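The sequence shown begins at 1 in UniProt numbering and counts up one residue at a time. C-beta: ideal position from N, C-alpha, C; glycine also. Nothing here was measured: the structure is a model prediction, and the numbers come from that model. Below is one structure, written out as structure tokens; comments come after it.
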Amino acid sequence: MTVHVKNTGRTTILQPNVTTALVKSDNPARKTQYDLVAAKKYDQFWINVDSQAPNKIVKTGLGNNVIQLPGIQQITQVTPEVTFLDSRLDFSGIGDHSKKFFLEVKGVTLENRGIAAFPDVPTTRGLKHVKTLQKALDKGYLSYLLFIIQMEKITAMTIDTDIFEPLAVEISKAQKRGVHVLAYDCQVTQDSLNLDQPVPFDLNQKFVSDGLPSSIKKRQ
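Here's what the structure looks like:
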């Protein structure tokens, strides 16, 4: 069976014999009938790999104020997919006291021993987004970078410098300038993804790869 994987990253979890979750498409004109949306790592816990899912749950979380943004007590307006300067950012919005903000979302599928990391492939686009968020500060906006960790029970979020160190360097600059970097993990089943709780973001947390493609092996 050939299926569509809704992710353009490396998705190293997708190894032979790994348990996966498929969703049937309602579009009869598609070349593939199913989307692969999740995989069960070590046959123990689900990781959602649908790259479109994080933005959907963030839109809901911003709309009902479940996602807490530093400096804003109440979000009154949210607009998805907005252009600012030469970049396209995931959200703009307005909070209490007419505070305007931009927010960029990054989905996270990389994990080892409870530590989540981004990215799983070098991303010049992600680097550009962080620079754009800093430029937004200069224009008087609040700026947020939000990592949605598409799995459960994560203790820390970091950047994998072995994959793309320039991103860590730029995020460090952005934080010092006032860009807020946030992370939330999720409750995940084979067919659902829901926001769970905030996770500390720590650039000093070293991420050590679990050596995939051995994702179907048990953790030692």
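Minimum C-alpha distance to Val-177 - residue among Arg-113, Ile-67, Leu-133 and Asp-120: The identity of residue 177 in the sequence shown is Arg, whereas the question assumes Val. Comparing Cα-Cα distances from Arg-177 to each of Arg-113, Ile-67, Leu-133 and Asp-120, the minimum goes to Leu-133.
Integer-rounded CB distance, given that Ile-72 should sit under 8 Å from Asp-90: Distance from Asp-90 to Ile-72 at the Cβ level is roughly 16 Å; contact not present, criterion being Cβ atoms closer than 8 Å.
Cβ distance (whole Å) where Gly-107 is taken to contact Phe-101 below 8 Å: Not confirmed; about 20 Å, so no contact.
Run of the beta strand (DSSP E) containing Gly-107, from where it starts to where it stops: DSSP places Gly-107 inside the beta strand (DSSP E), whose first and last residues are 100-108.
Any 3 or more C-beta pairs closer than 8 Å across the segment 3-22 and the segment 35-44: Below 8 Å, enough C-beta pairs join the segment 3-22 and the segment 35-44 to call them touching: three or more.
Three-way DSSP call (helix, strand, coil) for Gln-77 in this model: Residue state, collapsed to three classes: strand.
Minimum C-alpha distance to Phe-147 - residue among Asn-112, Ala-183, Asp-120 and Leu-195: Restricting attention to Asn-112, Ala-183, Asp-120 and Leu-195, the CA atom closest to the CA of Phe-147 is found in Ala-183.
Cβ pair Gln-150, Thr-109 closer than 8 Å: Yes, Cβ-Cβ distance for Gln-150 and Thr-109 is below 8 Å.
Test item: CB-CB of Ile-171 and Leu-193 under 8 Å: Going by C-beta atoms, Ile-171 is not nearer than 8 Å to Leu-193.
Residues near Thr-189 by beta carbon distance below 7 Å, same chain, minus five either side: The residues are Trp-46.
Thr-32 versus Val-23: straight-line alpha-carbon distance, rounded: When rounded, the distance between both Cα atoms is 11 Å.
Runs of beta strand (DSSP E) wholly within the segment 112-190 (minimum 3 residues, chain order): Entirely contained in the segment 112-190, the beta strand (DSSP E) runs reaching 3 residues are, in chain order, 115-118, 142-149, 156-159 and 180-189.
Residue closest to Ser-98, alpha-carbon to alpha-carbon, out of Ser-87, Val-82, Gln-74 and Glu-104: Of the listed residues, the one whose Cα sits closest to Ser-98 is Gln-74.
Contact check, Leu-145 vs Val-130, beta carbons under 8 Å: Yes, the Cβ-Cβ distance between Leu-145 and Val-130 is below 8 Å.
Cβ neighbour criterion (16 or more within 10 Å) applied to Thr-155: Under this definition Thr-155 is an exposed residue.
Residue from Cys-186, Phe-207, Val-208 and Gln-205 with nearest C-alpha to Pro-198: Restricting attention to Cys-186, Phe-207, Val-208 and Gln-205, the CA atom closest to the CA of Pro-198 is found in Cys-186.
Distance, Lys-173 Cα to Pro-166 Cα: Approximately 11 Å, taken between the alpha carbons.
Best match in Pro-70, Thr-124 and Gly-114 for proximity to Lys-153 [C-alpha to C-alpha]: Selection Pro-70, Thr-124 and Gly-114 evaluated against Lys-153 yields Gly-114 as nearest (Cα-Cα).
Helix, strand or coil at Lys-31 according to DSSP, with G and I counted as helix: In the structure shown, Lys-31 falls within a coil segment according to DSSP collapsed to helix, strand and coil.
CB of Asp-162 within 8 Å of CB of Phe-118, strictly: Phe-118 is positioned such that its CB atom lies no closer than 8 Å to that of Asp-162.
Presumed contact (8 Å Cβ cut-off) between Val-105 and Asn-55, rounded CB distance: Contact holds; Cβ gap of about 5 Å.
Straight-line gap, Lys-128 to Asp-191 (C-alpha atoms, nearest Å): Separation of Lys-128 and Asp-191 (C-alpha to C-alpha, rounded to the nearest whole angstrom) is 32 Å.
Residue from Asn-48, Ile-57 and Gln-77 with nearest C-alpha to residue 221: Residue 221 is absent from the structure shown; the chain starts at 1 and stops at 220.
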